[in-house]
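**Q** Input: one structure, supplied below.
Here it is in structure tokens:
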């Protein structure tokens, strides 16, 4: 293996500016949607007093969960000694920060009073996992920022391992916090489960790596830099592993619920209901987002194919969004159990499955968050040395032999 | 003026004063149906009290919603306000609602008013990142709308669906019940009335006197005496939230 040379992308092509322009449009659409929703009030959205968290939260939670997962590539290199992944550590840190920024933008702009955010930071209620998350998210920016600095500043290189370890532990706590937003809600049948924290951690591994792969492949293709089979196979297999780990937790979560008679009704609603959630779960998350990517990861015909690896990563992202929709919207759509075992009805929609149709504005706000995240990455790799000049096998494969080429 | 005459005036004055004082006391009790003493404005709520409700559902008619109407008028929502015209029905606020509970096996139906249950361990207060969702020392759970950032986490956490988010600008508000777009609100047990020594609007309006308001910590109060001598239940008591609102005959 030869030493890695990092270099900014040239950024003088029409394609580069077209990409930035497109991302700028997405961001503008997201900000416009946020202004429209805040100016009018949430009556212009599909959200209501039953489905209080809608499409923006699907995007926001997905991006936040993916953010911590995107850092995994760096963690594996600095903390777990996978030196082959070391050239990708910088991009991993940058993407983690970018995704978190995008997710938080969506979350904050959907608040009833985003203008009061500063006040929220000054009056933290430490019994609230939300309040802890404010600290965990801000800390993540700081810690990953320092971690990146130790990687990119030669004099600080010797601290990279320590910073990486700290960032790894922090990100585990952060995703535990995100999963616990739902896991600690005793009121709702679909939540109130301790397993949601580790389940979110496992999901973050696969979501984060999938987005990382898409960003990596696109960057190398568009920047015209070489990317060898070794890295593609490595990413493919790792993604397969993370997807199966996430699926394991999802299966255990549902089996545990199915075993308890009191939860069978909500499980029936989620897994076998005449609704969009069951379809999204089985087709979106299980088939497209898990089984097919796993097949691509491990079956020979798909190996070392950039196209198939991209397909697998894109499917994991789509499946992940479907899963978030099922958890967040489906969990609220199922009615609260005010009187377990009895039927309830009222003028406030008690006892009925709550309908929800996201409006364009909500979806645009979510997509705006994706735009922000990707724009940060594009600007980052243009201005600073995040990307290795080459990821060809000769440079990254520790067992590379010239005659194999 | 002779001493006798002075004594006569004095006696008449004292007698009249006593009559006025007695009359005022009785009238206060009868007219206002006061169950609490008014608390001076500069005095904080005390943990020596815990305000609560006892609701006898056997007296609650399914076609009656006087308690809901009284709440709407008192706090300026629903029929008590010209606001929330743009919001869809599922977006409009409801501080209190009538819920019909039907036993699947027997078909027996119960009608009851449902509002914030004023938990001793309120999940909405635990999850609120800013402390806007708060519990007073006397057990009243409410939202500080100046501190609420509108994250709706409390609405996710409340097992009783007691909270509403305001989806549009409001203009027609009551002075004692400020409300606003982008914040969450709910029953506050008519904190404005309780602090004046009055009972909540719903309890006062119930034609069947099915809603009894009082101090759960005062063993001499009617609510405490009835709770001690009659069976009552908490809704979702399994959650262990120690509710300030209890029901009978569910």
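Protein chains in written order, with our numbering: chain Z, 7 to 411; chain B, 104 to 353. We put the CB at the ideal spot given by N, CA and C, even for glycine. These numbers come from a predicted model, not from an experiment.
1. Can a CB atom of chain D be found closer than 7 Å to the CB of residue 342(B)?
2. Looking only at C-alpha atoms, which of 268(B), 275(B) and 350(B) sits nearest to residue 358(B)?
3. Pull up the CB-CB distance for residue 58(Z) and residue 259(B), whole angstroms please, since I reckon it's below 8 Å.
4. Closer than 9 Å, Cβ to Cβ, to anything on chain B: give me those residues from the segment 342 to 375 of chain Z, in chain order.
5. What residues from chain B crowd round residue 191(Z), counting only those whose CB sits closer than 7 Å?
6. Run down chain B in chain order and give the residues with a C-beta less than 7 Å from the C-beta of residue 134(Z).
7. For the alpha helix (DSSP H) containing residue 210(Z), name the first residue and the last one.
8. Tell me, please, whether the CB atom of residue 271(B) is closer than 7 Å to any CB atom in chain Z?
9. Can you grab the Cα-Cα spacing for the pair residue 221(B) / residue 48(Z), in whole Å?
10. Under 8 Å by Cβ, that's how I've got residue 242(Z) and residue 302(Z) pegged, so tell me the actual separation to the nearest angstrom.
11. Return the bridge partner residues of residue 394(Z) from the DSSP annotation.
12. With 16 other CB atoms within 10 Å as the buried threshold, where does residue 270(B) fall?
13. Once DSSP output is grouped into helix, strand and coil, what is the label at residue 336(B)?
14. If I measure Cβ to Cβ from residue 299(Z) and keep anything under 7 Å in the same chain, skipping five residues before and after, which residues do I get?
15. Taking C-beta pairs closer than 8 Å, name the residues in chain Z that residue 201(B) reaches, listed in chain order.
16. Since residue 136(Z) contacts residue 337(Z) with CB under 8 Å, what's their CB separation in whole angstroms?
17. Helix, strand or coil for residue 286(Z)? Go by DSSP, reduced to three states.
18. Within 10 angstroms of the Cβ of residue 197(Z), are there 16 or more other Cβ atoms? Answer buried if so, exposed if not.
19. Thinking residue 342(Z) and residue 262(B) are a contact (beta carbons under 8 Å), I'd like their distance in whole angstroms, please.
20. What residue does the alpha helix (DSSP H) around residue 56(B) start on, and which one ends it?
21. Output yes or no for whether 7 Å exceeds the beta carbon distance between residue 142(Z) and residue 183(Z).
22. Skipping 5 residues on each side, what residues in its chain have a beta carbon closer than 8 Å to that of residue 154(B)?
23. In angstroms, rounded to a whole number, what distance separates the CA positions of residue 371(Z) and residue 31(Z)?
24. May I ask you to list the residues that DSSP assigns as paired with residue 350(B)?
25. Alpha carbon to alpha carbon, what distance is there between residue 306(Z) and residue 10(Z)?
26. Might you give, ordered along the chain, the residues of its own chain that have their beta carbon closer than 6 Å to the beta carbon of residue 165(Z), omitting 5 neighbours on each side?
**A** The answer reads as follows:
1. Protein chains Z and B are contained in the structure displayed, whereas chain D is not.
2. Any question about residue 358(B) goes unanswered here, given that chain B covers just 104 to 353.
3. Taking the first chain and counting its residues from 1, the one referred to as residue 58(Z) is at position 52. Taking the second chain and counting its residues from 1, the one referred to as residue 259(B) is at position 156. Yes, they are in contact, since the Cβ atoms of residue 58(Z) and residue 259(B) sit about 6 Å apart, within 8 Å.
4. Residues of the segment 342 to 375 of chain Z with a Cβ closer than 9 Å to any Cβ of chain B, in chain order: 342, 343, 344, 345, 346, 347, 348, 349, 350, 351, 352, 353, 354, 355, 356, 357, 360 and 361.
5. Along the first chain, one-based indexing puts residue 191(Z) at 185. Per Cβ cutoff of 7 Å: 259 and 260.
6. The sequence position of residue 134(Z) within the first chain is 128, counting from 1. 229, 230, 231 and 232, listed in chain order.
7. For this step, residue 210(Z) is matched to residue 204 along the first chain. Here the alpha helix (DSSP H) through residue 210(Z) covers 202 to 229.
8. Looking up residue 271(B) in the second chain gives position 168. Interface residue, yes.
9. Position 118 of the second chain holds residue 221(B). Position 42 of the first chain holds residue 48(Z). One Cα belongs to residue 221(B), the other to residue 48(Z), and the distance between them is close to 27 Å.
10. Position 236 of the first chain, counted from the first residue, corresponds to residue 242(Z). Position 296 of the first chain, counted from the first residue, corresponds to residue 302(Z). Confirmed, about 7 Å.
11. What you label residue 394(Z) is simply residue 388 of the first chain in a count that begins at 1. Beta-bridge pairing links residue 394(Z) to 12(Z).
12. What you label residue 270(B) is simply residue 167 of the second chain in a count that begins at 1. When all chains shown are included, residue 270(B) counts as buried.
13. Counted from its first residue, the second chain places residue 336(B) at position 233. Strand at residue 336(B).
14. The residue given as residue 299(Z) occupies position 293 in the first chain. The answer, listed in chain order, is 245, 246, 249, 318, 321 and 322.
15. Here residue 201(B) refers to the residue found at position 98 of the second chain. Ordered by position in chain Z, the residues that pass the 8 Å Cβ test against residue 201(B) are 352 and 353.
16. In the first chain, counting from the first residue as 1, residue 136(Z) sits at position 130. In the first chain, counting from the first residue as 1, residue 337(Z) sits at position 331. Wrong, their Cβ atoms sit about 17 Å apart, outside the cutoff.
17. To locate residue 286(Z), count along the first chain from 1; it is residue 280. Three-state result, residue 286(Z): helix.
18. Indexing the first chain from 1 puts residue 197(Z) at position 191. Flag for residue 197(Z) reads buried.
19. Looking up residue 342(Z) in the first chain gives position 336. Looking up residue 262(B) in the second chain gives position 159. Yes, they are in contact, since the Cβ atoms of residue 342(Z) and residue 262(B) sit about 6 Å apart, within 8 Å.
20. Outside the displayed range of chain B (104 to 353) lies residue 56(B), so it cannot be described from this structure.
21. The residue you call residue 142(Z) lines up with position 136 of the first chain. The residue you call residue 183(Z) lines up with position 177 of the first chain. Yes, the Cβ-Cβ distance between residue 142(Z) and residue 183(Z) is below 7 Å.
22. Residue numbering aside, residue 154(B) sits at position 51 when the second chain is read from its first letter. Excluding positions up to five away in sequence, the list reads 139, 221, 241, 242, 243, 292, 297, 316, 317, 318, 319 and 347.
23. Within the first chain, numbered from 1, the residue matching residue 371(Z) stands at position 365. Within the first chain, numbered from 1, the residue matching residue 31(Z) stands at position 25. Each residue's alpha carbon lies about 12 Å from the other.
24. Along the second chain, one-based indexing puts residue 350(B) at 247. DSSP output for residue 350(B) lists 158(B) and 336(B) as bridge partner(s).
25. Along the first chain, one-based indexing puts residue 10(Z) at 4. Along the first chain, one-based indexing puts residue 306(Z) at 300. C-alpha separation (whole angstroms): 30 Å.
26. Within the first chain, the letter at position 159 stands for residue 165(Z). For residue 165(Z), the CB contacts under 6 Å within the same chain, skipping 5 residues up- and downstream, are 156 in chain order.
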